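J.: Numbering-wise, the numbering used here puts 130 at position 117 of the sequence shown, and it's gapless, one number per residue.
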Amino acid sequence: ALAAFTLIFGAIWIIPAMLWIEGVPTPTDGNSTLAIIFLGFVPTALAAYLRVSVVRTAGSIFMTNVNYQVPLWSVLFGTFILNETLELRFFLALACILIGLVFSQRKRPVRVLVNRA
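#1: If contact is defined by three or more beta carbon pairs under 8 Å, each pair taking one atom from either stretch, is the stretch 45–58 in contact with the stretch 74–81?
#2: Would DSSP call R69 helix, strand or coil?
#3: Using the C-alpha atoms, what's the distance from V88 back to N96?
#4: Helix, strand or coil for A108? Go by DSSP, reduced to three states.
#5: Which residues in the same chain as G53 place their Cβ atom closer than 7 Å to its Cβ, once the five residues preceding and following it in sequence are excluded?
#6: How do the stretch 15–26 and the stretch 49–64 stand: do at least 3 beta-carbon pairs fall below 8 Å, yes or no?
Written out as structure tokens, the structure reads:
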């Protein structure tokens, strides 16, 4: 139910923005329309369901750390599988991601509250 809600809520927000920016889409043939509908529902719904399942079993902190790595792996797969070029901005973004992970994982000092009565 939560995965379905996130998809419906996202569609409510993205469809008006799409129509405003891109306009009404041009008609396509039946196969293209079916492919778009399939790709819009099946893999997206499966990914949303898996995300909710991971958050429920492993916790939100684990999912946050995994999501930090998604852009990194996307660029690396694009580089090695699709032969895309690796630009300098990738390394700057990688540094930002790694610095964010370091800050999120460091231990904070524990404060001891002393009652001075």
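Note that the Cβ used here is the ideal one computed from N, Cα and C, for glycine as well. Given the structure is predicted, the values throughout are model-derived calculations rather than measurements.
T.: The relevant details are as follows:
#1: no
#2: helix
#3: 10 Å
#4: helix
#5: none
#6: yes
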